[in-house]
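Position 40 of the sequence shown, counting from 1, maps to 40 under UniProt numbering, and the rest follow consecutively. Where a beta carbon is used, it is the ideal one built from N, C-alpha and C, also for glycine. Treat the numbers as computed from the prediction; the structure is a model and nothing was measured.
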Amino acid sequence: MDLGLYLHLPFCKSKCHYCDFNSYPLRDDYQLSSYISALYSEIAIYSQKLKNITMKTIYLGGGTPSILSGDLIYNILNFCKNSFKVDKNAEITIEANPGTLDKKKTKRLNEAGINRLSLGAQSFNDYLLKKLGRIHTAQDIIDSYYKARESGFNNI
């Protein structure tokens with residue numbers, strides 16, 4: 001049997017006005033480290049129960065998972081790969097807000113094995129983006145796309 005693994009990272013810089021998802025503005029490092037510690041504990045528990053199951057996909061959703069540092073995302077995925085049997089051709093996706101990406105982070109995400117970037121554009125109209133409570137501009141979307149392509153992403 002094959003499964004997909006979903007990791008919920010509920011934090012964002014600010015809650016968008018239209019968002020109905022279980023997400024919260026990240027307050028501080030303690031909140032983040034407590035959540036990540038609990039996430040690692042759950043991964044360890046479920047990896048024992050699912051040790052004979054192959055993960056065909058890993059999806060980091062939220063919130064805005066790309067608010068985390070590239071190194072932390074790398075470490076989370078590495079922990080998953082060491083805990084579960086992950087298919088060598090697994091699709092590994094992260095949801096990203098263009099306002100949280102830079103060249104260094106997109107490169108690190110690619111190094112982590114992420115091969116699909118879900119770039120939350122929402123609109124290319126700056127007025128609408130502001131009304132929606134987004135933290136980026138239309139130009140940020142375009143810039144993030146090209147940074148991701150330059151970092152090796154083919155599936156955006």
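With contacts defined as CB atoms closer than 8 angstroms, T57 and G99 fail to qualify as a contacting pair. Per DSSP, A96 is one residue of the beta strand (DSSP E) stretching across 85 to 96. Between N115 and E91, the CB-CB gap stays under 8 angstroms.
Considering only E111, K51, I73, L50, the residue with the shortest C-alpha distance to L9 is I73.
If you draw a straight line from the Cα of F79 to the Cα of N110, it comes to about 16 angstroms.
Counting only residues of its own chain and dropping the five nearest sequence neighbours on each side, G63 has a CB closer than 6 angstroms to the CB of L9, P10, F11, C12, S23. Spanning the alpha carbons of Y46 and A148 requires a straight line of approximately 32 angstroms. When rounded, the separation of the alpha-carbon atoms in K81 and Q122 is 31 angstroms.
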